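Chains as they are written, first to last, in my numbering: chain A, 1 to 207; chain B, 208 to 414.
Note that the Cβ used here is the ideal one computed from N, Cα and C, for glycine as well.
Since this is a predicted model, take the numbers as computed values, not measurements.
Right, dumping it as structure tokens:
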């Protein structure tokens with residue numbers, strides 16, 4: 001399997017290429033080049049060609065990339081030529097916004113369950129979902145065979161929730177709580193913490 | 208200025224160090240080591256020492272880092288020893304969740320304005336804010352001297368909103384719309400798109 005030898009930093013750029021290509025598709029475009037993708041993303045054309053070449057020969061010298069074809073290939077590589085069900089843990093402001101987010105559709109994911117511990121939230125409705133009791137989470141995740149979860153609970157609860165999710169069979173965690181969590185090696189974690197991005201920018205601002 | 212010669216990838220790690228240290232402070236801890244910070248973050252101790260050494264001598268051989276002191280230094284370096292006002296554009300689910308988010312406090316930021324184009328939203332309340340009319344955004348941002356904005360509008364509107372924000376004097380943009388935007392070189396952009404993180408993880412999942 002070629003993928004096992006691809007550095008994670010390369011894998012991290014593929015979703016950006018896919019998003020750009022899908023944007024071009026929406027613009028009714030048919031072909032593109034590594035130069036154009038690069039300009040949209042602020043990545044060099046050479047880097048893009050090198051990254052893609054790890055997975056096959058997708059472009060043709062002189063004619064560039066067929067957008068639809070490259071989208072199809074990238075979706076296969078990233079395993080989003082199917083739809084992944086996801087569980088959202090935490091039905092506060094962030095969890096609710098995630099559960100209602102329309103941007104997962106067509107990109108390989110859908111929220112299929114929302115959990116909370118708050119008796120006032122359990123049984124309530126968020127968009128298309130009825131908020132379920134955290135006490136049932138292990139049973140429900142196993143029953144549905146869900147492998148991806150998003151954590152939208154307070155930082156102080158994130159590790160505990162993560163442990164429970166791992167025990168339930170979750171293999172990929174997107175953590176919105178502003179805290180690093182520990183998981184076994186076989187589980188992937190990514191983080192969304194707006195302050196990390198903000199601090200990276202304010203460093204460059206003059207006061 | 209030493210900062211000008213520090214690679215952006217190093218700057219990108221400093222907020223993670225700061226977050227870990229602030230977590231330790233909450234745990235009533237007083238000293239730590241590059242080993243411990245590294246274990247919490249999955250970064251090598253050597254990398255952390257090297258990154259920090261670009262800004263000064265913060266640790267002592269044998270005794271490690273004084274947590275409070277290192278927090279203070281990192282807050283200075285990242286310019287979050289002050290509070291930055293921010294504008295949120297878009298009062299939908301995501302914009303509302305951001306406007307109400309309690310996690311900015313104590314980390315250097317506060318939302319101070321929320322804008323939307325929808326007449327049904329303008330004048331309405333989100334947490335402590337009255338949603339303001341996008342038509343007034345340039346005037347309001349200039350009046351307040353705001354330099355940071357978060358974009359939470361549909362992808363199709365993000366570039367247009369970004370152009371308006373840059374014209375209004377915004378120097379740092381956190382874009383929640385799932386699309387790359389073009390800004391002048393002097394403006395910093397960071398992105399939050401959960402699907403990018405999800406795709407980076409599903410690559411590794413077995414189907």
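**Prompt:** Candidates A:6, A:63, A:127 and A:35: which alpha carbon is nearest residue 78 (chain A)'s?
**Reply:** A:6
**Asked** Do residue 296 (chain B) and residue 373 (chain B) come within 8 Å of each other at the CB atom, strictly closer than that value?
**Response** no
**Message:** Between B:231, B:314 and B:228, which has its C-alpha nearest residue 193 (chain A)'s C-alpha?
**Reply:** B:314
**Request:** Pull up the DSSP beta-bridge partners for residue 380 (chain B), would you.
**Result:** B:356 and B:396
**Item:** alpha helix (DSSP H) segments (min. 4 residues) lying fully within the stretch 272 to 297 of chain B
**Value:** You should have 274 to 284.
**Message:** Alpha carbons only, please: which of B:362, B:308 and B:261 is nearest the one belonging to residue 104 (chain A)?
**Reply:** B:362
**Prompt:** Going along the chain, which residues of its own chain have a beta-carbon closer than 7 Å to the beta-carbon of residue 227 (chain B), five neighbours each way excluded?
**Reply:** 244, 247 and 248
**Item:** Reduced DSSP secondary structure (H/G/I, E/B, other) of residue 322 (chain B)
**Value:** strand
**contact_flag[the stretch 385 to 399 of chain B, the stretch 234 to 242 of chain B] where n(CB pairs < 8 Å) is 3 or more** = Because the criterion of three Cβ pairs below 8 Å is not met, the stretch 385 to 399 of chain B and the stretch 234 to 242 of chain B do not touch.
**Message:** With the cut-off set at 8 Å, would you say residue 13 (chain A) and residue 51 (chain A) are in Cβ contact?
**Reply:** yes
**Message:** Does the CB of residue 100 (chain A) have a neighbour CB from chain B at under 8 Å?
**Reply:** yes
**Asked** Are there 16 or more other CB atoms within 10 angstroms of the CB of residue 15 (chain A), so buried, or fewer, so exposed?
**Response** buried
**Prompt:** Going along chain A, which residues have a C-beta under 9 Å from residue 311 (chain B)?
**Reply:** 194, 195 and 198
**Prompt:** Nearest-angstrom Cα distance between residue 325 (chain B) and residue 94 (chain A)?
**Reply:** For residue 325 (chain B) and residue 94 (chain A), the distance between alpha carbons rounds to 22 Å.
**is_contact[residue 410 (chain B), chain A] using C-beta, thresh 8 Å** = yes
**Prompt:** Comparing alpha-carbon positions, which option in B:408, B:403 and B:353 lies nearest residue 173 (chain A)?
**Reply:** B:408
**Prompt:** What residue does the alpha helix (DSSP H) around residue 12 (chain A) start on, and which one ends it?
**Reply:** First-last of the alpha helix (DSSP H) with residue 12 (chain A): 8 to 26.
**Request:** Compare the C-beta of residue 147 (chain A) against all C-beta atoms of chain B and say whether one is closer than 8 Å.
**Result:** yes
**Item:** Beta-carbon proximity of residue 321 (chain B) to residue 338 (chain B), cut-off 8 Å
**Value:** yes
**Message:** Does the CB of residue 15 (chain A) have a neighbour CB from chain B at under 8 Å?
**Reply:** yes
**Request:** State the Cα-Cα distance for the pair residue 382 (chain B) and residue 191 (chain A), rounded to the nearest angstrom.
**Result:** 16 Å
**Item:** Any C-beta of chain A under 8 Å from that of residue 391 (chain B)
**Value:** Taking Cβ atoms only, chain A never reaches closer than 8 Å to residue 391 (chain B), which makes this a no.
**Asked** Closest to residue 294 (chain B) by CA distance: which of B:377, B:327, B:277 and B:403 is it?
**Response** Closest in C-alpha terms to residue 294 (chain B), from the list B:377, B:327, B:277 and B:403, comes B:377.
**Item:** For residue 409 (chain B), the three-state DSSP class (helix, strand or coil)
**Value:** helix
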